[in-house]
Each structure stands twice: as C-alpha cells, then as structure tokens.
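Residue numbering for the sequence shown follows the working numbering, starting at 510 and increasing by one per position. C-beta atoms are modelled at their ideal positions from N, C-alpha and C, and glycine is treated no differently. Encoded as structure tokens, the structure appears first; notes follow it.
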Amino acid sequence: MHEKLFALLSQTITPEDKALCKDFFEYVLFPKNHICEKEGSIPKYLYFVVSGYVRLFYYNENGDEVTTHINCPPGFITSYFHFVNQTKSNESLECVTECELLRITKTNLDQLTQQSTVFRDFRISVFQQSLAYNENRSTELATLSAEERYRKLMKNYPQILQNVPLQHIASFLGMNPKSLSRIRKEIIK
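Listed below in structure tokens is the structure:
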C-alpha cells in the first residue's frame with residue numbers, strides 16, 4: 510500500500526524511512542460519498558490518495574457546494590492551511606469514489622519529519638506544490654475562459670472526466686452544470 514508513496518519520495522529512501530512511513534501512515538478504505546473531514550472542524554489528517562478520487566468543497570452563501578480541489582491519485586489532499594495551523598476549516602473532504610488512502614495526523618507528521626530528513630524535505634516540497642497549485646488555479650479562474658479551463662482539464666487530467674460527477678467538475682471549473690454541458694456538446698461537434 511505504501512509503495513506509491515515511496516515512489517513519490519525519492520530513489521534514495523532508506524529501509525529505515527520506509528519503516529517510519531509504515532509506522533506513521535495509517536491505511537484506510539472509504540466508500541464513495543464518505544466525508545473524511547467535515548467543515549467546521551480542525552482537519553485531523555493529511556491524506557495520501559493511493560486510489561480513487563477525493564474532493565474538497567464548501568457551501569457558498571446560497572447553500573450550493575463549491576468544489577475547490579479534486580485530487581487524482583497518487584497525491585496528497587487536505588484543507589492544507591487549516592491542517593498545518595490546526596484551525597477550523599470551512600471545507601469538507603469527500604471521497605467521490607471508493608478510496609484507498611494513507612493518512613497521518615499533524616502530530617505524527619511532525620514526529621516523522623523530525624526523525625527523517627527525506628520526509629522533512631518532502632514535506633517542504635508538498636507545501637511548495639500546494640502553494641503553486643493554489644496560485645495557478647486562482648490565475649486560471651481569473652484569466653481563462655470556461656471552455657479553456659475545461660479543455661485544459663481534458664488534456665491534463667482526462668481520468669477525472671471519467672470518474673468524477675459532472676456537477677463537481679463544473680463547480681471546480683467555476684461554472685454551472687448547464688454551461689459545462691453546452692461546452693462539452695460544442696467540443697464534440
């Protein structure tokens with residue numbers, strides 16, 4: 510189960526680092542639509558997605574769900590700012606499909622990174638990737654048209670289109686489902 514995580518870490522991961530990883534990362538299997546973390550609470554875990562699709566979402570002022578992130582395996586997901594700072598998050602984390610996950614608490618992550626330079630360096634890398642992703646996403650929502658955002662998703666993450674419901678994809682792309690359906694029909698022509 511941990512092999513996908515080891516593959517992301519580095520080619521120089523030691524047997525000791527692997528053992529630490531297995532000690533600190535807990536394997537969980539959740540069904541489709543399971544809420545892993547609920548809004549209004551402090552995120553308990555950083556999740557590594559081994560298989561399946563997970564999304565972060567919040568409810569806007571109209572009570573509509575707004576998807577802010579959809580994660581493809583393998584990769585990490587949580588309400589990162591709130592996890593790191595141990596503050597209440599306005600987002601929920603939901604399994605869109607059945608998911609195999611590895612999860613680690615903030616306390617265990619801190620211990621792991623104190624004991625392993627590989628994990629300390631990797632933690633910094635994950636943080637930098639999270640910042641870059643959020644900055645890039647904000648720029649794309651502000652500068653690309655809805656069709657351009659959809660085409661980019663098709664090109665870079667086609668598996669999302671086959672595994673995630675269209676209403677979540679539309680929300681993630683900053684549009685309503687009717688607009689997404691119209692764009693899809695135009696592209697098919």
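Note that the C-beta distance between F592 and P552 is below 9 Å.
Approximately 6 Å separates the beta-carbon atoms of Y666 and C581; this is inside 8 Å, confirming the contact.
Each residue's CA atom was taken as its position, placing T523 and L565 some 33 Å apart.
Comparing alpha carbon positions, the residue from K547, R658, A516 and T626 closest to F557 is A516. Judged by DSSP in its simplified three-state form, Y659 adopts helix. In this structure the segment 572–581 touches the segment 673–685; the number of beta carbon pairs closer than 8 Å is three or more. In the three-state reduction of the DSSP assignment, Y666 falls in the coil class. Per DSSP, N594 is one residue of the alpha helix (DSSP H) stretching across Y589 to N594. Looking at the DSSP output, I544 shares a beta bridge with E603. Around the beta carbon of M663, a 10 Å sphere encloses fewer than 16 other beta carbons of the protein chains shown; the residue is thus reported as exposed.
In the structure shown, the three-state DSSP call for F539 is strand.
Excluding its 5 nearest sequence neighbours in each direction, M684 has C-beta neighbours in its own chain below 6 Å: A655, listed in chain order. Judged by DSSP in its simplified three-state form, C581 adopts coil rather than helix or strand.
One thing to note: I613 has its Cβ within 9 Å of the Cβ of F534. Within the same chain, F628, R629 and R632 come within 8 Å of T622 by CB-CB distance, once the 5 residues on both sides are set aside. Going by DSSP, T626 is part of the alpha helix (DSSP H) stretching over T626 to T652.
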